[in-house]
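**Q** Read in order, the letters of the sequence shown correspond to residues 20 to 175 in the working numbering.
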Amino acid sequence: MELLRHRATILQGADSPGYRAIVERISEIVHGKVTDIDLLTVTVKSMKDILQGKNSSRNEVRTEHAEWSDATFGNVGPIGPLKHLSKEALEAAAEPGDLSEWADIQFLMWDAQRRAGISDEQITQAMVDKLAVNKARKWPEPKEGEPRLHVKSTPL
Numbered sequence: 020m021e022l023l024r025h026r027a028t029i030l031q032g033a034d035s036p037g038y039r040a041i042v043e044r045i046s047e048i049v050h051g052k053v054t055d056i057d058l059l060t061v062t063v064k065s066m067k068d069i070l071q072g073k074n075s076s077r078n079e080v081r082t083e084h085a086e087w088s089d090a091t092f093g094n095v096g097p098i099g100p101l102k103h104l105s106k107e108a109l110e111a112a113a114e115p116g117d118l119s120e121w122a123d124i125q126f127l128m129w130d131a132q133r134r135a136g137i138s139d140e141q142i143t144q145a146m147v148d149k150l151a152v153n154k155a156r157k158w159p160e161p162k163e164g165e166p167r168l169h170v171k172s173t174p175l
């Protein structure tokens, strides 16, 4: 029981709404409303999520954005969000410290991906594959503020 109280103290500092629910469950167990096994299950799941880097508040924002986007823009494909993405990228380049521009970029990437029917697993695998390709390429020296394009091999 002391270990559970200690876990509650640690989790009380977390900002995520999911962790608030965990703390509330811990409070219930301390007052006899929930069994030890219920609390242990919740604690193990939360620790697993932390170790796996899951961020439930990010997923909640993603879900809320998808619902809003569908209601606002309707059933359209990914092209519009992708075109809009280029505009937001230029705005972020002009003001790299403006987090609202970064948020716009993320929203548009999520929206285009979802509207194209691409799962997180598919995009993650594509990223793994593309990283291997990029690592095998030759790159010019970096120059601040300029894009770096890989060196194209010349045909023989």
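Glycine residues also receive a C-beta, built at the ideal position from the N, C-alpha and C atoms. Just so we're clear, the structure is a prediction, and the values are computed from it rather than from any experiment.
(1) Alpha carbon to alpha carbon, how far is Gly-164 from Ala-113? Give it in angstroms, no decimals.
(2) Do you know how far the Cα of Thr-62 is from the Cα of Met-146?
(3) Can you grab the Cα-Cα spacing for the pair Ala-151 / Leu-59, in whole Å?
(4) Assign Ser-76 to one of three DSSP states: helix, strand, or coil.
(5) Considering His-103, what are the terminal residues of the alpha helix (DSSP H) in which it resides?
(6) Taking buried to mean at least 16 other C-beta atoms within 10 Å of its own C-beta, is Glu-107 buried or exposed?
(7) Taking 8 Å as the cut-off, does the region 117-137 touch the region 77-90 (at least 3 CB pairs, one atom from each stretch)?
(8) For Ser-172 and Lys-154, I'd like the C-alpha separation in whole angstroms.
(9) How big is the Cα-Cα spacing for Ile-98 and Phe-92?
(10) Figure out for me which residue from Ala-131, Pro-166, Leu-118, His-84 has the closest Cα to the Cα of Lys-102.
(11) Would you tell me roughly how many angstroms separate the C-alpha atoms of Arg-134 and Pro-161, rounded to the nearest one?
(12) Going by other Cβ atoms of all chains shown within 10 Å of its Cβ, with 16 needed for buried, is Ser-65 buried or exposed?
(13) Give me the Cα-Cα distance between Gly-96 and Lys-67, rounded to the nearest whole angstrom.
(14) What's the call for Leu-109, buried or exposed, on a 16-neighbour Cβ count within 10 Å?
(15) Work out the CA separation of Ser-76 and Leu-70 for me, nearest whole Å.
(16) Could you check the C-alpha separation between Ala-111 and Leu-168 for me, to the nearest Å?
**A** Taking the coordinates as given:
(1) A direct Cα-Cα distance of roughly 10 Å separates Ala-113 from Gly-164.
(2) Inter-residue distance for Met-146 and Thr-62 is about 32 Å (C-alpha atoms, whole angstroms).
(3) 41 Å
(4) helix
(5) Note, His-103: alpha helix (DSSP H), 98-113.
(6) buried
(7) yes
(8) One C-alpha to the other measures close to 15 Å.
(9) 13 Å
(10) Ala-131
(11) 34 Å
(12) buried
(13) 35 Å
(14) exposed
(15) 16 Å
(16) 20 Å
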